[in-house]
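Below is one structure, written out as structure tokens; the observations come after it.
In the working numbering, the protein residues as written are 367 to 556.
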């Protein structure tokens, strides 16, 4: 008889209450973490970047493919782990934004993931707006720290090009035919 009393007594209700509370707390914590889109840098093979200068355009660029297939876009592939880790840190800090926000894209990137068992995994698209404002992560509008994003873009992408590489393609073609006029288009070297 004593065992029957212990099964339905006050002590058992406390255990059920604490056990249920712990279960609900763990369920809540795991559901919050699963909503975050985190990319592990060890799973990344390389990052392809296409970018255009931070110049005014008549119409804002709202599609990543316009940057990739644009006439005057520049392409670079980053395999340096330090740079990839820095970029992924910025991407992992992104939060969802208002879908009606203004966006004018300047940088398009494709994060290539390492294959598993010889099978390719889908790439992750990240497009960054002018000045670091507005980011498309797999076509979902996000927001991050614009100053850090702009600093990354400036240091890693823009500063790596010479002034000649920034010239539009039609001016480069013109300068090939008229090399004596190159000083009019490029800054004087010291």
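Virtual Cβ for every residue (Gly too), placed ideally from N, Cα, C.
**Report entry** Counted within 10 angstroms of its Cβ, other Cβ atoms place residue 390 as buried (16 or more) or exposed
**Finding:** Counting from one through the chain shown, the residue named residue 390 turns up at place 24. The residue is exposed, with fewer than 16 neighbouring Cβ atoms inside 10 Å.
ask   = Between residue 520 and residue 486, what straight-line distance do the alpha-carbon atoms span, to the nearest angstrom?
value = By one-based count along the chain shown, residue 520 stands at place 154. By one-based count along the chain shown, residue 486 stands at place 120. If you take the alpha carbons of residue 520 and residue 486, they lie about 31 Å apart.
Practice item. Go to residue 547, then tell me how far its beta strand (DSSP E) extends in each direction, as first and last residue. Key: Reading the chain shown from its first residue, position 181 is the one you call residue 547. For residue 547, there is no enclosing beta strand (DSSP E), as DSSP marks it with neither H nor E.
| field | Touching by the beta-carbon criterion (3+ pairs, under 8 Å), the segment 432-448 and the segment 494-504 | value | Touching, no.
Classify residue 445: buried if its beta carbon has 16 or more other beta carbons within 10 angstroms, exposed otherwise. Numbered from its first residue, the chain shown carries residue 445 at position 79. Residue 445 comes out exposed.
Checklist entry - If you compare alpha carbons, which of 387, 414 and 490 is closest to residue 406? => result Numbered from its first residue, the chain shown carries residue 406 at position 40. Nearest of 387, 414 and 490 to residue 406, Cα basis: 490.
Whose CA, out of 471, 480 and 456, lies closest to the CA of residue 423? Locating residue 423 in the chain shown gives position 57, counting from the first residue. Looking at the Cα atoms, 471 is the closest of the given residues.
Worksheet item: Going by beta carbon distance, what residues of the same chain come within less than 6 Å of residue 502, once the five residues before and after it are set aside?
Response: Indexing the chain shown from 1 puts residue 502 at position 136. Excluding sequence positions up to five before and after residue 502, its CB lies within less than 6 Å of the CB of 493, all in the same chain and listed in chain order.
Exercise for the section: Give the single residue among 408, 386 and 462 whose Cα lies nearest to the Cα of residue 480. Expected result: In the chain shown, counting from the first residue as 1, residue 480 sits at position 114. Answer by Cα proximity: 408.
Look up residue 419 in the DSSP assignment and say whether it is helix, strand or coil.
-> Counting from 1 along the chain shown, the entry for residue 419 is found at position 53. Looking at residue 419 - three-state DSSP - the assignment turns out to be coil, as it is neither helix nor strand.
Compute the Euclidean distance between the alpha carbons of residue 463 and residue 428, then round it to the nearest angstrom. On the chain shown, residue 463 is found 97 positions in, with the first residue counted as 1. On the chain shown, residue 428 is found 62 positions in, with the first residue counted as 1. Within the model, the alpha-carbon separation for residue 463 versus residue 428 is close to 15 Å.
Find the nearest neighbour of residue 488 within the set 381, 417, 410 and 382, judged by alpha-carbon distance. If you number the chain shown from 1, residue 488 lands on position 122. Looking at the Cα atoms, 410 is the closest of the given residues.
Next item on the list: Tell me whether residue 482 sits in a helix, a strand or coil according to DSSP, three-state version.
Entry: For this step, residue 482 is matched to residue 116 along the chain shown. Strand, per DSSP.
Self-check item: CB of residue 416 within 9 Å of CB of residue 467, strictly
Solution: By one-based count along the chain shown, residue 416 stands at place 50. By one-based count along the chain shown, residue 467 stands at place 101. Between residue 416 and residue 467, the C-beta gap is not smaller than 9 Å, which leaves the two residues out of contact.
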